[in-house]
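Shown next, in structure tokens, is the structure this report addresses.
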Amino acid sequence: MNDNMNDNILEIRDLVVEYRTDEAIIHAVNGVNLVVKRGETLGLVGETGAGKTTIAKSILRILPTPPSKICGGEIVFDGEDLMQKSESAMRKIRGEKIAMIFQDPMTALNPIERIGAQISEAIAQHNKIKRYEAENRASDMLEMVGIPMERYNEYPHQFSGGMKQRVVIAMALACNPTLLIADEPTTALDVTIQAQVLEIMQSLKERLGTSVIMITHDLGVVANCCSSVAVIYAGEIVEYGSAVQVFDFPTHPYTIGLFGSLPKLNSTEPRLKPITGLMPDPANLPTGCSFYERCPDAKEQCSGSKPAMVEIEAGHFVKCFRDGGGE
Amino acid sequence: MAALLEVNNLKKYFKNPGGTLHAVEDVSFTLDYGKTLGVVGESGCGKTTLGRTIIHLIEKTEGTITFEGKDISDPSPKELRQLREEMQIIFQDPYSSLNPRMSVSEAIMEPLRVQGKLSKAEIRAEVRKLMDTVGLAERFENAYPHELDGGRRQRIGVARALALNPKFIVCDEPVSALDVSIQAQIINLMLDLQEALGLAYMFVTHDLSVVKYISDDIMVMYLGNMVEKSPSDELFSHPLHPYTKALLSAIPVPDVHNQPDRIIMQGELTSPINPKPGCRFMARCQYASPECEEPQELVEHSPGHFVACCHYKELLPQQ
Chain C
749 MNDNMNDNIL EIRDLVVEYR TDEAIIHAVN GVNLVVKRGE TLGLVGETGA GKTTIAKSIL
809 RILPTPPSKI CGGEIVFDGE DLMQKSESAM RKIRGEKIAM IFQDPMTALN PIERIGAQIS
869 EAIAQHNKIK RYEAENRASD MLEMVGIPME RYNEYPHQFS GGMKQRVVIA MALACNPTLL
929 IADEPTTALD VTIQAQVLEI MQSLKERLGT SVIMITHDLG VVANCCSSVA VIYAGEIVEY
989 GSAVQVFDFP THPYTIGLFG SLPKLNSTEP RLKPITGLMP DPANLPTGCS FYERCPDAKE
1049 QCSGSKPAMV EIEAGHFVKC FRDGGGE
Chain G
5 MAALLEVNNL KKYFKNPGGT LHAVEDVSFT LDYGKTLGVV GESGCGKTTL GRTIIHLIEK
65 TEGTITFEGK DISDPSPKEL RQLREEMQII FQDPYSSLNP RMSVSEAIME PLRVQGKLSK
125 AEIRAEVRKL MDTVGLAERF ENAYPHELDG GRRQRIGVAR ALALNPKFIV CDEPVSALDV
185 SIQAQIINLM LDLQEALGLA YMFVTHDLSV VKYISDDIMV MYLGNMVEKS PSDELFSHPL
245 HPYTKALLSA IPVPDVHNQP DRIIMQGELT SPINPKPGCR FMARCQYASP ECEEPQELVE
305 HSPGHFVACC HYKELLPQQ
């Protein structure tokens, strides 16, 4: 995963995040390494509780502390380690350089402020421009996501779910960020509206040259818009590669299980092949491979120690003993 | 043998300050013993209302419902109580559909207790059996919903629905709130139960790949109207209605090489309050013409395949 520095807009190295409560320490992210190349869309796939959103919020340093604690690792954005930045420097980066789209458009907007004002606020915050200039930019952004200017002065409750999500996208892209983190941007939407929103995101990304981290649990969305994929399980990346590599040759037993769980449109099999059991409790992770208990190929070795990440072909990494993770 | 369930011209309107909301408009279908009817459509298309109206959780406005050859359109309270044993529902959200103050066994026991036909000991034995059927370990008997994950909670929902040995279950998006690996476990469980107990399902969902997997017949709804109904495979291989085509093309396909050519629909659902008599999909349809302002007839294109679109013949692929 170590390419030339300048090709990578974001590098996460050995990130460890914990949530500390009175009862337990919850190991949400356990040594994650990730690279986002300039201009690409990286899909971060995993189930509820796998640590996807925690990674996203760590990048922006918006995790509530306490209970969360970033225990180690580096997050290098455009050549600079975000972990070392002061809070005021981070404020400059959030929204301007790195923007985020949150999962639920119904709760991401302020219900008592007009949507035009909410978009221009972000623009005015990061640019020394006059108010009317910020407002002009905001209404341009609205047009760009396909919302007529006449609706500039309306409130969020006057919009449908898909339109609210477009407002959120307009807000996120208003300052032309270098990196966009989209946390399940279409999960709350109908498939037809999802198709609309994904198409808008795709065309804006191409126009503005933004790099994107697409967080999702839907492999269909990943196939639609991502060039590389990281599969995350219990706070660890278990498989990473280009979309073609991961979709054509899924290698980690968990990735294979995810594909088996999906009802396929052209399949004639009478039953799905789900993964048995549940994800381990992040407060009480096993010492060995965290997928050990659910893995159909588990060997004795797997319960004792953790496999290492191995490159099975150029750019395709897997964390499993079966593929040589013990050497 | 007659069909298990026959629904004719069912309508459900809600009175609103702004006018009458036509949630379900003139829906008819039949469902055979042991079969599954999938109902798909976007949020707000009336699919949940349809399911709830059929099992009398809400009262219909017009139309008839026949169950096992008996007219149950307007049941007396006594008949309704009997009906509840025959028709059940699994709700969408396993987080809000369970009473947080009832333990697992209490929740599953509740329908049996209300029915009042079994002794306490028999009920306890029945609960054990149900928990075993849906794959809940005995150690969860005294657990409360907040201690369980979504998949296990939904198993409680399934057990509650099965408790009185129904013949027909309305499944209202039973897997939408679950992760894919857990979703697959629940779908397999439901298929196994159908095989073992001969249940008929009405499976309401917005997830088209799930519905294809589980259904014998599929009904596509748009703003309260049934726009197309067909055997499952036929619908996916030969969709006729422009809305069905757009809906099918929007399914995210987990394959990097074969992404479908998507038909991106413009706009969103129009309001179901005081709708015009014509085709309700007209505003978003690329083939819309003046004829679409007339009420649309449901036409049988091939055996069992119905469509309500005046343009569907022109849109058939050229032979």
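From first to last, the protein sequence lines are chains C and G.
Each residue of the first sequence is one higher than the one before, counting from 749 in our numbering.
Each residue of the second sequence is one higher than the one before, counting from 5 in our numbering.
No residue lacks a Cβ here, since even glycine has one placed at the ideal position from N, Cα and C.
Quiz item: What does a CB cutoff of less than 6 Å around C/L791 pick up in its chain, not counting 5 residues either side in sequence?
Solution: Note that residue 791 of chain C corresponds to Gly in the displayed sequence, not to Leu. So the qualifying residues of the chain are M962, V970, C974, V977.
Self-check item: Contact set between the region 205-238 of chain G and chain C, restricted to residues whose Cβ is under 9 Å from the partner
Solution: H210, D211, L212, S213, V214, V215, K216, Y217, I218
Practice problem: Starting from the Cα of C/K805, find the closest Cα among C/G827, C/K785, C/M831, C/E795 and give me that residue. | Solution: C/M831
Quiz prompt | Members of the region 252-267 of chain G that neighbour chain C once the beta carbon cut-off is set at 7 Å | solution = A254, I255, P256, V257, P258, D259, V260, Q263, R266
Exercise. Look up C/P998 in the DSSP assignment and give the residues it is bridged to.
Key: None, per the DSSP bridge assignment.
Quiz item: The alpha helix (DSSP H) spanning G/R266 covers which residue range?
Solution: Premise fails: G/R266 is in no alpha helix (DSSP H) and is neither H nor E.
Quiz item: Which stretch, first to last residue, makes up the alpha helix (DSSP H) that contains G/T70?
Solution: Here G/T70 belongs to no alpha helix (DSSP H); instead the beta strand (DSSP E) covers 66-71.
Quiz item: chain C partners of G/E151, CB-CB under 8 Å?
Solution: Result: empty, since nearest Cβ-Cβ is about 12 Å, beyond 8 Å.
Quiz item: Is G/I268 closer than 9 Å to G/A250 when the C-beta atoms are compared?
Solution: yes
Quiz prompt | Option nearest C/E828 by Cα separation, candidates C/L967, C/N756, C/G894 | solution = C/N756
Quiz item: Any beta-carbon of chain G closer than 9 Å to the one on C/L1020?
Solution: yes
Quiz prompt | Cross-chain neighbours of G/D183 in chain C, by beta carbon under 7 Å | solution = E795, T796, H965
Quiz item: Could you give the distance in angstroms between the alpha-carbon of G/R105 and the alpha-carbon of G/Y148?
Solution: 7 Å
Quiz prompt | 9 Å Cβ cutoff, C/I846 in contact with chain G | solution = no
Quiz item: Is it right to say G/L157 is buried, meaning 16 or more other beta carbons lie within 10 angstroms of its own, or is it exposed?
Solution: Per the sequence shown, residue 157 of chain G should be read as Arg rather than Leu. When all chains shown are included, G/R157 counts as buried.
Quiz item: Relative to the C-alpha of C/L811, which residue among C/E795, C/L1006, C/V777 is closest?
Solution: C/V777
Quiz item: Whole-angstrom Cβ separation of G/A165 and G/I62, contact assumed at under 8 Å?
Solution: About 18 Å separates the two Cβ atoms, so there is no contact after all.
Exercise. Name, going along the chain, the residues of the region 918-945 of chain C whose beta-carbon falls closer than 8 Å to a beta-carbon of chain G.
Key: D938, V939, T940, I941, Q942, A943, Q944
Quiz item: Helix, strand or coil: how does DSSP classify G/T24 here?
Solution: strand
Quiz item: Which residues in the same chain have their Cβ closer than 8 Å to the Cβ of C/I1023, if we skip the five residues on either side of it in sequence?
Solution: Y1002, G1005, L1006, G1008, S1009, R1042
Quiz prompt | Cβ distance (whole Å) where G/E304 is taken to contact G/A312 below 8 Å | solution = Contact flag wrong, Cβ pair sits at about 11 Å.
Quiz item: Among C/I773, C/C923, C/A943, which residue has its Cα nearest to the Cα of G/D265?
Solution: C/A943
Self-check item: N- and C-terminal bounds of the beta strand (DSSP E) containing C/H775
Solution: 773-785
Quiz item: So who's on the other strand from C/I961, going by DSSP bridges?
Solution: C/L790, C/I929
Quiz prompt | Segments of 4+ residues assigned as alpha helix (DSSP H) that fall wholly inside the region 171-248 of chain G | solution = 184-201, 212-218, 236-241
Self-check item: Rounded C-alpha distance that separates C/V1071 from C/S1051
Solution: The sequence shown places Asp at residue 1071 of chain C, rather than the Val named in the question. Looking at the two C-alpha atoms, the distance is approximately 16 Å.
Quiz prompt | Supposed contact pair G/K171 and G/A204 - C-beta distance, whole angstroms, cut 8 Å | solution = 6 Å
Quiz item: Would you say C/P896 faces chain G, with C-beta separation under 9 Å as the test?
Solution: no
Quiz item: Whose Cβ in chain C lies nearer than 8 Å to the Cβ of G/S47?
Solution: G909, D938
Quiz item: According to the Cβ coordinates, are C/N972 and G/Q263 closer than 9 Å?
Solution: yes
Quiz item: Hey, is G/E304 close to the ligand GDP, as in C-beta under 8 Å from one of its heavy atoms?
Solution: For the ligand GDP, the structure offers nothing, since it holds no ligand at all.
Quiz item: Would G/Q96 be called buried (16 or more neighbouring beta carbons within 10 Å of its own) or exposed?
Solution: buried
Quiz item: Ordered along the chain, which non-local residues of its own chain (more than five positions away) have a Cβ less than 8 Å from that of C/G794?
Solution: K800, H965, V979, I980, Y981
Quiz item: Counting pairs of Cβ atoms below 8 Å between the region 899-919 of chain C and the region 865-874 of chain C, do you hit three or more?
Solution: yes
Quiz prompt | Within the region 843-905 of chain C, ranges of the beta strand (DSSP E) (whole runs, at least 3 residues) | solution = 846-849
Quiz item: Which first and last residues belong to the alpha helix (DSSP H) in which C/L946 is found?
Solution: 939-956
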